[in-house]
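Line by line, the protein sequences give chains A and B.
So the first sequence is numbered by our numbering: it starts at 25 and just counts up by one.
So the second sequence is numbered by our numbering: it starts at 25 and just counts up by one.
Below is one structure; the comments refer to it alone.
There are 2 protein chains.
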Amino acid sequence: MRNDFMITIALAKGALLKDSVGRFLSAGLDFSAVLDPDNRQLMVPSTCGRARALLVRNGDVPVYVAYGQAQLGVVGYDVLKEHQMPVAQLLDLGFGGCKMAVAVKASSGYKRASDLPPHCRVASKFTYCAREFFDALDLPVELVHLTGSVELGPITGIAEAIVDLVATGRTLRENGLVAIEEIFNTTARLVGHPLSLRLDRGELHSIVEAMRANKPLSNPSV
Amino acid sequence: MRNDFMITIALAKGALLKDSVGRFLSAGLDFSAVLDPDNRQLMVPSTCGRARALLVRNGDVPVYVAYGQAQLGVVGYDVLKEHQMPVAQLLDLGFGGCKMAVAVKASSGYKRASDLPPHCRVASKFTYCAREFFDALDLPVELVHLTGSVELGPITGIAEAIVDLVATGRTLRENGLVAIEEIFNTTARLVGHPLSLRLDRGELHSIVEAMRANKPLSNPSV
Chain A
25 MRNDFMITIA LAKGALLKDS VGRFLSAGLD FSAVLDPDNR QLMVPSTCGR
75 ARALLVRNGD VPVYVAYGQA QLGVVGYDVL KEHQMPVAQL LDLGFGGCKM
125 AVAVKASSGY KRASDLPPHC RVASKFTYCA REFFDALDLP VELVHLTGSV
175 ELGPITGIAE AIVDLVATGR TLRENGLVAI EEIFNTTARL VGHPLSLRLD
225 RGELHSIVEA MRANKPLSNP SV
Chain B
25 MRNDFMITIA LAKGALLKDS VGRFLSAGLD FSAVLDPDNR QLMVPSTCGR
75 ARALLVRNGD VPVYVAYGQA QLGVVGYDVL KEHQMPVAQL LDLGFGGCKM
125 AVAVKASSGY KRASDLPPHC RVASKFTYCA REFFDALDLP VELVHLTGSV
175 ELGPITGIAE AIVDLVATGR TLRENGLVAI EEIFNTTARL VGHPLSLRLD
225 RGELHSIVEA MRANKPLSNP SV
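Okay, structure coming up:
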């Protein structure tokens, strides 16, 4: 193993971080320093010093991995699907499960997406996913791209429906909304930089395999 | 004045919120409830009950105003320039000042943007602004869109330079970066929905004028 090669792993800040760190720990890479609430560093070495974690926003994980600045990364399938970056999907890590769904006002009477009137407005952070879904349905809609609080869409009247991630459904209920159709399930994925994987001399493969088995590496010094 | 017309004002969460509330307060609209750390509501009526604030993310303010779901909004000039939505710029409110700048590693030796090598990579949240700047400079660059922590760009090597907002310059210094060229200054702007302004029967105009004068409305019941 080359001593001069440091593996960089892009981790999404937020909901997926704790489980991501747990899975890498079980594969022999200890990034638990990133979970310290006082941590201000965005680049954190593993305790063994052979790898480092890059703490970035969800949407930036596929960017760092696609450009090869990180060889591996963990990010939700929803983000992968929305951003369409050229990264290799290696493993479904199983955690961070939620659904991409179409939701409307509970009082609207719409029972499924195909009930929506043609050319109505649909608000979403995930306009690529929404476009693909409504195109497949052959229903022309006007997509309104919002960056947050999409549940405000039907309340303010800027949109008839939304396409958004639903975990417990609490946010929808609190805002008088109801999911009428699921588009896909999403979970956290381990992704890799295609060229780094092809040129890999075993370091990346052993991490991926240890994470697949969800058990420590045979050589925990990596 | 119609009693059935409620003015909706889109306010950006975050750094601009406190000053925005202050300026509307001085114009007779009290939205100080949104500053309560316990507030979870995204739609908050003014104490007089004749207007409501919509608490949204920076980038969504021009969207709500462009669609007329909010008649007025407060947002940074940087966001207006980046998103190019059809809203009317009414007032420069003066607060929230910072600069859009090109920054590089302090150790890079680049003294101005035109020193950057052609076809180098530039990371930014503001790729529209960056594209316009480098096009005017006639310097072809590859833009890498990131959604946060852009200062990581030159450190990780994903980009030679960044285009980002600089307030005090502390984030740059902490990351060994230095601003080499200012692109524009930005401050908070009062924007309006063009059609609502044209159909206005005086309500919006009186708020805009009170904010321009930075003094209470003559009719504080609005």
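Beta carbons are placed, not taken as given, at the ideal position from N, Cα and C, and that holds for glycine.
- With a cutoff of 8 Å on beta-carbon distance, B:VAL146 and B:ALA203 are scored as not near each other.
- With a threshold of 8 Å between beta carbons, A:TYR91 makes contact with chain B.
- Nearest CB-CB separation between A:ARG81 and chain B: below the 8 Å threshold.
- Annotation: A:ARG225 to B:ARG194 spans about 40 Å, alpha carbon to alpha carbon.
- Residue contact check for B:ASP84 against chain A: a CB pair falls below 8 Å.
- Counted as a single uninterrupted DSSP element, the stretch harbouring A:ALA36 is not any alpha helix (DSSP H) but the beta strand (DSSP E) occupying residues 31–36.
- Under DSSP, B:VAL99 forms a beta bridge with B:ARG213.
- Per DSSP, A:ALA75 is one residue of the beta strand (DSSP E) stretching across 75–80.
- Under DSSP, the beta-bridge partners assigned to A:SER148 are A:HIS169, A:VAL187.
- Cβ contact annotation for B:ALA36 (same chain, cutoff 6 Å, sequence separation greater than five): ASN82, VAL85, VAL99, in chain order.
- Within 10 angstroms of the beta-carbon of B:SER131 lie fewer than 16 other beta-carbons, which makes it exposed.
- In this structure, DSSP gives B:ILE179 a helical state, which the three-state scheme calls helix.
- A:VAL128: not part of any alpha helix (DSSP H); member of the beta strand (DSSP E) spanning 122–129, first to last residue.
- Taken in chain order, the members of the segment 155–175 of chain B whose beta-carbon sits within less than 9 Å of a beta-carbon on chain A are VAL168, HIS169, LEU170, THR171, GLY172, SER173, GLU175.
- With respect to the 8 Å criterion, A:ALA94 and A:ILE33 are classified as neighbours on the basis of their beta carbons.
- Unbroken beta strand (DSSP E) stretches of 3 residues or longer found wholly inside the segment 34–74 of chain A: 67–69, given in chain order.
- Proximity of A:ILE182 to chain B, defined by a Cβ-Cβ separation below 8 Å, is satisfied.
- Taking a contact as a CB-CB distance under 8 Å, the pair B:LEU78 and A:THR71 does not count as one, their CB atoms being some 46 Å apart.
- For B:LEU223, the uninterrupted alpha helix (DSSP H) segment begins and ends at 218–223.
- Within the same chain, ALA137, SER138 come within 7 Å of B:LEU161 by CB-CB distance, once the 5 residues on both sides are set aside.
- When DSSP reads this structure, B:GLU206 sits in a beta bridge with B:ALA125.
- Here the C-alpha atom of A:GLY177 lies approximately 23 Å from the C-alpha atom of B:PRO61.
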